[in-house]
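Asker: By my numbering, the letter at position 23 of the sequence shown is numbered 24, and the numbering carries on one by one without gaps.
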Amino acid sequence: MRVAIIADTHMPRGSRRLPDACVEELRAADAIVHAGDFTGPEALGEVEALAAADGRERPLIAVHGNVDVPEIVRRLPERTEVELAGATIGVIHDAGVRLGRLKRMRLEFPDADAVVFGHSHTPLHESEGAFQIFNPGSPTERRRAPSRSMGIALVEGGRISFEHVLFD
Numbered sequence: 002m003r004v005a006i007i008a009d010t011h012m013p014r015g016s017r018r019l020p021d022a023c024v025e026e027l028r029a030a031d032a033i034v035h036a037g038d039f040t041g042p043e044a045l046g047e048v049e050a051l052a053a054a055d056g057r058e059r060p061l062i063a064v065h066g067n068v069d070v071p072e073i074v075r076r077l078p079e080r081t082e083v084e085l086a087g088a089t090i091g092v093i094h095d096a097g098v099r100l101g102r103l104k105r106m107r108l109e110f111p112d113a114d115a116v117v118f119g120h121s122h123t124p125l126h127e128s129e130g131a132f133q134i135f136n137p138g139s140p141t142e143r144r145r146a147p148s149r150s151m152g153i154a155l156v157e158g159g160r161i162s163f164e165h166v167l168f169d
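#1: My parser needs the beta strand (DSSP E) runs of 3 or more residues fully inside the region 12-47; what are they?
#2: Suppose you measure from the CA of residue 173 to the CA of residue 68; what does that come to, to the nearest Å?
#3: Return helix, strand or coil for residue 117, following the three-state DSSP convention.
#4: Can you list, in chain order, the residues of its chain whose CB lies under 8 Å from that of residue 79, leaving out five sequence neighbours each side?
#5: Could you name the residues of the same chain whose beta carbon sits closer than 6 Å to that of residue 19, not counting the 5 residues immediately before and after it, in chain order?
#6: Mind checking whether residue 4 and residue 48 have CB atoms under 9 Å apart?
#7: Given a cut-off of 9 Å, decide if residue 120 and residue 8 are closer than it, judged by their beta-carbon atoms.
#8: Got a sec? Which residues, its chain only, sit under 6 Å from residue 88 by beta carbon, not counting five neighbours each side?
#9: Would you report the Cα separation of residue 26 and residue 54, rounded to the nearest angstrom?
#10: What separation, rounded to the nearest whole angstrom, lies between the Cα atoms of residue 39 and residue 70?
#11: With distances taken from CA atoms, which of 163, 149, 62 is nearest residue 169?
#12: Count the other C-beta atoms from every protein chain shown that fall within 10 angstroms of the C-beta of residue 116, then say buried if there are 16 or more, exposed otherwise.
#13: So what does DSSP say about residue 77, is it helix, strand or coil?
#14: May I ask you to report which of helix, strand or coil DSSP gives residue 142?
#15: Output the distance between the C-alpha atoms of residue 163 and residue 153, rounded to the nearest integer angstrom.
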């Protein structure tokens with residue numbers, strides 16, 4: 002199973018939009034994860050439309066972030082867990098400070114094989130044993146990261162491998 006992972010889209014804002022390569026990855030995926038900070042309902046609607054593109058009705062696993070409008074906060078949970086192809090993935094927007102993050106996420110999601118998060122806009126992949134944490138970065142606003150980015154997870158037989166897709 003191929004899972005497209007994005008976070009921190011912060012749309013609408015000016016002429017900001019998802020890069021074409023990001024849209025292609027979302028359409029090619031079997032499931033989509035968004036780790037919060039859509040910002041406005043238009044962004045959530047766009048990702049929901051991509052999840053349903055081509056009549057495939059991909060699962061959309063999403064949480065709200067700290068700058069999402071009240072409508073999104075009402076519609077989406079603060080955190081969630083989902084099983085995909087035998088692996089359990091936790092999703093949260095803000096995983097807290099860097100120091101101790103891996104251990105903290107392990108404690109907060111004890112049944113998860115991996116946790117996906119956003120908030121910092123900084124791509125990250127760390128692991129300890131079989132447990133992993135992954136931040137896809139942002140496809141629209143790089144901040145201090147070297148480029149805009151998203152993530153791809155390949156999930157098969159309960160095993161997850163992550164990679165970043167860089168734009169710019």
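Every residue, glycine too, gets a C-beta built ideally from N, C-alpha and C.
Answerer: This is what the structure gives:
#1: DSSP runs (the beta strand (DSSP E)) wholly in the region 12-47: 32-35.
#2: Nothing about residue 173 can be reported from this structure: the residues present for the chain run from 2 to 169 only.
#3: Strand at residue 117.
#4: Excluding positions up to five away in sequence, the list reads 64, 65, 93, 94.
#5: Only residues of its own chain outside the window of five on either side were considered, and among them 140 have a CB closer than 6 Å to the CB of residue 19, listed in chain order.
#6: For residue 4 and residue 48, no; Cβs fall outside 9 Å.
#7: In this structure, residue 120 lies closer than 9 Å to residue 8 by Cβ.
#8: The answer, listed in chain order, is 114, 156, 159, 161.
#9: The straight-line gap from Cα to Cα measures roughly 12 Å.
#10: The straight-line gap separating the alpha-carbon atoms of residue 39 and residue 70 is approximately 9 Å.
#11: Selected option, being the one with the closest Cα: 149.
#12: Its Cβ being crowded by 16 or more others within 10 Å, residue 116 is buried.
#13: Correct three-state label for residue 77: coil.
#14: In this structure, residue 142 counts as coil in the three-state DSSP scheme.
#15: One C-alpha to the other measures close to 6 Å.
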